[in-house]
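Note that the sequence shown ends on residue 471 in our numbering; no numbers are left out. Heads up, the beta-carbon is just placed ideally off N, CA and C, and yes, glycines get one too. These notes are about the structure you will find just below.
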Amino acid sequence: MWPRRDKFPPGPYGGLKGWSFRALNESPLEMFTELARYGDIVGIRVVNLRNIFVNHPDLIEEVLIGHPRRYVKGRVLRANRHVFGEGLLTSEGNFWLRQRRLVQPAFHRAQIDAYAEIMVQYAQRMLEGWRSGEERDVHQEMMRLTLEIVVKTLFGADVARDAQDVGNSLALLLELGANFRRTLFVPHWMPTPTNLRIKREIAFIESILYRIIGERRAAGRDTGDLLSMLLHVQDEDGSRMTDKQLRDETITLFLAGHETTASSLSWTWWLLARNPAVEAKLHAELDEVLLGRPPALEDLARLPYTGNVVTESLRLYPPAWGLARVAVENHEIAGYPVKKGMGIAMAQWVVHRDTRWFEAPEEFRPERWEGDLLKRIPRFAYFPFGGGPRQCIGNSFALMETTLILATVAQKYRLRPVPDHPVVPLASITLRPRYGVRVMLELRERSAPKSLSQAIRPTTQAMTAD
Ligand code: HEM
């Protein structure tokens, strides 16, 4: 039986207390962690906004899979519709469903697999610019790399020159979006200095996107990238996407498709640097399986520990650290009355650290995923990509990209943390390192092969081939 509460609980988050908004704005992770102590379902009121915080996997499943039509996306995302328009992340109802069906083929396994080579190539190109002994902000490096990859896979090579400009504008929009108070309470049409800045950045991004779309329409060629697919795909009635729809979908994929993976990789580098035993096991697997050659798609199945490092990093530092919905009808969750207009919050950050599902949850232990842990815990005890109809469309893309980049870089370099550089999470729309992750690059030796037969195999094959 879930703890039932007939009214919002007393305590710091219960009433009209200004500082509770400060908590949401300044330390949302701590706020949600503390709220979970009240129970698996907790009411909170922030100024005049009523919310239910749901903290049990079965209840999260009820919201995301059981009755998804009872909800629309949360207030923060909805307040950002002037940025994302009617793109997949923010649209609703039949329009969203139609778009999801149109975009989905671009994310089918076979399509995604074709991108593996690009991902590895671009990671290798990044490494060509790295030197042992150098200090770098690896978060900046990952942002640039994942942006280049999403641009190449989305738009093809011809727009690489615009990528950095668009990336900078998106980064600024994300930074401004981190202020929940402004996002929720200052309408985007009000001519405040911040809103005017946001408007300018959006106009800039749009000018680039519309130019690319126009050029592509005029050329009429299928260039095999995502934009080509979106341009050519037809609905059942034969209609195609308008320029505005293409603008909304591409800006959404642009943002959703690089910031999250970059953050996930940055957290992974930081976790590895702090856990030398895990790092050593990762290096041993990469050396043993890859024997010094770059990773390829087929290697993914042969790199289980590397995969578990990614899974475990997404548990501790989920780039989508919380999901939000707004109820569109009165109903109950586990006997708790939910009124139309109330917000529902679910936090991966909290559930992924719950001792009921994860032993020693604060520890970075990729080994915990061995032996099918996923099958032994409730479906929504681990949900970095959400779930139900609104589950992340880029799930496989992201897992493949993070694993391949991790393998390519870790094969060559060990990243040592720079002492005294603070690595702290900033929970805005996504969870990223507030001050980046400064590291010292250290070229590494390949670890000694496990057995002589493994070490000589490539040479023998080469001789046979000759
Ligand atoms: C580690 C990387 C990623 C994480 C953790 C992540 C997480 C998520 C989550 C949790 C959602 C669901 C949001 C909700 O239910 O409110 C989502 C939706 C979405 N993601 Fe991702 N994502 C990642 C990478 C990507 C990539 C690489 C792409 C595209 C190339 C992408 C595109 C999208 C889109 C378009 C949606 C909206 C889907 C819909 O509502 O139909 N994501 N993502």
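| Check | Outcome |
| --- | --- |
| For VAL356, the first and last residue of its enclosing alpha helix (DSSP H) | 353-356 |
| Proximity of ALA267 and THR158 at Cβ, strictly below 8 angstroms | no |
| Three or more C-beta pairs below 8 angstroms linking the segment 98-118 and the segment 377-390 | no |
| Assigned secondary structure, ASP11 (DSSP; H/G/I helix, E/B strand, else coil) | Confidence is the limiting factor: at ASP11 the pLDDT is only 40, short of 50, which leaves the residue's position unreliable, though a coordinate-based value still follows. In this structure, ASP11 counts as coil in the three-state DSSP scheme. |
| Through-space distance from LYS204 to THR257, alpha-carbon basis | 16 angstroms |
| Beta-carbon proximity check, VAL315 vs LEU404, cutoff 8 angstroms | yes |
| Residues bridged to ALA87 (per DSSP) | Here residue 87 is His; the residue named in the question, Ala, does not match the sequence. Note: HIS87 sits in no beta bridge, so no partner. |
| Neighbour-count burial assignment, VAL429, 16 or more Cβ in a 10 Å radius | exposed |
| Proximity of ASP409 and ALA119 at Cβ, strictly below 8 angstroms | The residue you asked about is not Asp; residue 409 is Leu in the sequence shown. It is not a contact, given that the beta carbons lie outside the stated cut-off. |
| Whole-Å CB distance - ARG2 paired with GLY48, under 8 angstroms assumed | Examination of residue 2 is not possible in this model, given that the chain is present from 6 through 471 alone. |
| Where HIS336 sits in the DSSP three-state scheme | strand |
| Burial state of ARG421, where buried means 16 or more other Cβ atoms lie within 10 Å | exposed |
| One or two residues paired with LEU431 in a DSSP bridge | ARG437 |
| Proximity winner among ASP242, ILE217 and LEU181, relative to LEU201 (alpha-carbon distances) | LEU181 |
| Three-state secondary structure (DSSP) of ASN313 | helix |
| Through-space distance from ILE117 to SER401, alpha-carbon basis | 8 angstroms |
| Where THR469 sits in the DSSP three-state scheme | Legend: pLDDT at THR469 = 31, less than 50; position of this residue unreliable, value from coordinates given subsequently. Helix, per DSSP. |
| Distance, MET234 Cα to ALA111 Cα | 7 angstroms |
| Between the CA atoms of TYR341 and GLY399 - distance to the nearest angstrom | 33 angstroms |
| Cβ-based neighbour list, ARG75, same chain, cut-off 7 angstroms, excluding 5 preceding and 5 following | ALA332, VAL333, GLU334 and HIS336 |
| Inter-residue CB distance, GLY327 and ALA352 (contact presumed, cutoff 8 angstroms) | 4 angstroms |
| For GLU211, the nearest candidate out of LEU179, GLY90 and TYR310 (CA to CA) | GLY90 |
| Close-in-space but distant-in-sequence residues of the same chain around ALA41 (CB under 6 angstroms, 5 per side omitted) | ASN60 and VAL355 |
| Assigned exposure category for GLY20 - 16 Cβ within 10 Å defines buried | Note on GLY20: pLDDT 37, under 50, position unreliable in the model; the coordinate value appears next. So GLY20 counts as exposed. |
| ILE398 Cβ short of 7 angstroms to the ligand HEM heavy atom set | yes |
| Classification of SER452 by the beta-carbon crowding that lies within 10 angstroms, buried from 16 upward | exposed |
| For PHE112, the three-state DSSP class (helix, strand or coil) | helix |
| heavy atom of the ligand HEM below 7 angstroms from THR257 C-beta | yes |
| Contiguous beta strand (DSSP E) assignments of at least 3 residues, all confined to the segment 243-276 | none |
| Length of the line joining the Cα atoms of ARG226 and ASN280 | 49 angstroms |
| Rounded Cβ spacing between THR407 and SER269 (contact assumed at less than 8 angstroms) | 5 angstroms |
| Residue range of the unbroken beta strand (DSSP E) whose run includes PHE58 | 54-59 |
| Exposure of GLY134, with buried meaning 16 or more beta-carbon neighbours within 10 Å | exposed |
| Buried versus exposed call for SER456 [16 or more other C-beta atoms within 10 Å across all chains shown] | Any reading at SER456 needs caution, since the residue's pLDDT is 46, under 50, leaving its predicted position unreliable; the model's value is listed next. Classification for SER456: exposed. |
| Integer-rounded CB distance, given that THR265 should sit under 8 angstroms from PRO324 | 4 angstroms |
| DSSP state of MET234 mapped onto helix, strand, coil | helix |
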